[in-house]
Every structure is written in structure tokens, then in C-alpha cells.
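S.K.:
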Amino acid sequence: MQVYPIGIGLQGLETPVMETRVGQKIPNPTWTPTAGIRQRSLERGIKLPPVVPAGPNNPLGRYALRLAHGNGEYLIHALVRRTALVCASVQGVFA
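End of the sequence shown sits at 95 in full-length UniProt numbering; the numbers just go up one at a time, nothing left out.
See the structure below:
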């Protein structure tokens with residue numbers, strides 16, 4: 001067994017309890033922050049682009065696993081920087 005840190009979402013944005021499987025393995029993922037994420041980031045002085053391409057500035061890291069639950073909106077991914085956990089945990093993060 002391995003244990004990994006996770007970030008939990010804010011109240012109202014919690015990750016649901018689910019039983020699921022990996023629906024897709026994504027190398028070098030792009031990240032499309034939602035309008036809500038972009039707005040909350042802007043309120044903290046961080047302007048996010050509509051799409052963050054794969055690379056060192058992408059908070060998803062080099063790989064992402066899309067879960068089959070729902071519409072595929074849940075990803076398990078690495079963190080590029082440990083400080084990203086604090087920023088990303090607004091939405092909840094499996095890291």
C-alpha cells in the first residue's frame with residue numbers, strides 16, 4: 001500500500017464518495033481551468049489562461065488519470081510544485 005497526500009475541496013465543491021475505475025490515461029495533459037477557478041485565482045491576483053498547455057507550468061504534471069465517474073471531470077495527477085496543493089485544493093485534488 002502507498003499513501004499519497006490529497007487536497008480536499010471547499011465546502012460545496014467536495015469530491016463525492018465514489019467507486020470508479022480509471023477511464024483514461026493522459027500523458028502530457030493540458031489543463032482547462034473552469035470559469036470559477038479562473039475567477040477565484042483572479043481574486044488572489046493570479047490571472048490564469050483559458051488553457052494551460054502541457055509543460056513545467058501545468059499544475060497537472062506529466063500524467064493524469066481520468067476517472068470514469070460522472071462526466072470524467074475527476075483526475076488523479078501529480079503536482080508540479082508542492083505549493084500547488086494549497087492553490088488547487090480549492091477544487092479538491094488527488095495528488
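Cβ coordinates follow ideal geometry from the N, Cα and C atoms, glycine included. Source: prediction; values computed, not measured.
State the CB to CB distance for the pair Asn71 and Trp31, rounded to an integer number of angstroms; the pair is presumed to be in contact (CB under 8 Å).
M.R.: In the sequence shown, counting from the first residue as 1, residue 71 sits at position 71. In the sequence shown, counting from the first residue as 1, residue 31 sits at position 31. At roughly 16 Å, the Cβ-Cβ gap does not stay under 8 Å, so Asn71 and Trp31 are not in contact.
S.K.: As a quick exercise: from Thr20, Lys25 and Met18, pick the residue whose alpha carbon is nearest that of His78.
M.R.: Counting from 1 along the sequence shown, the entry for residue 78 is found at position 78. The sequence given here places Ala at residue 78; His does not occur at that position. That would be Lys25, whose Cα lies nearest to the Cα of Ala78.
S.K.: Thinking Arg38 and Leu48 are a contact (beta carbons under 8 Å), I'd like their distance in whole angstroms, please.
M.R.: As a first step, residue 38 must be located in the sequence shown, where it is residue number 38. As a first step, residue 48 must be located in the sequence shown, where it is residue number 48. Indeed they touch by this definition, with Cβ atoms about 5 Å apart.
S.K.: If we call anything under 8 Å between Cβ atoms a contact, is Leu67 one with Val17?
M.R.: Taking the sequence shown and counting its residues from 1, one reaches residue 67 at position 67. Taking the sequence shown and counting its residues from 1, one reaches residue 17 at position 17. Not a contact, by the Cβ cut-off of 8 Å.
S.K.: Can you tell me whether DSSP reads Gln2 as helix, strand or coil?
M.R.: As a first step, residue 2 is located in the sequence shown; it is residue number 2 there, counting from the start. Under the three-state reduction of DSSP, Gln2 is assigned to coil, being neither helix nor strand.
S.K.: My output table needs one value for Arg38: the three-state DSSP class, helix, strand or coil.
M.R.: Mapped onto the sequence shown, residue 38 falls at position 38. Residue state for Arg38 is assigned as helix, using DSSP reduced to three classes.
S.K.: Going by DSSP, what residues sit across from Lys25 in a beta bridge?
M.R.: Numbered from 1 along the sequence shown, position 25 holds the residue referred to as residue 25. Bridge partners of Lys25: Leu65.
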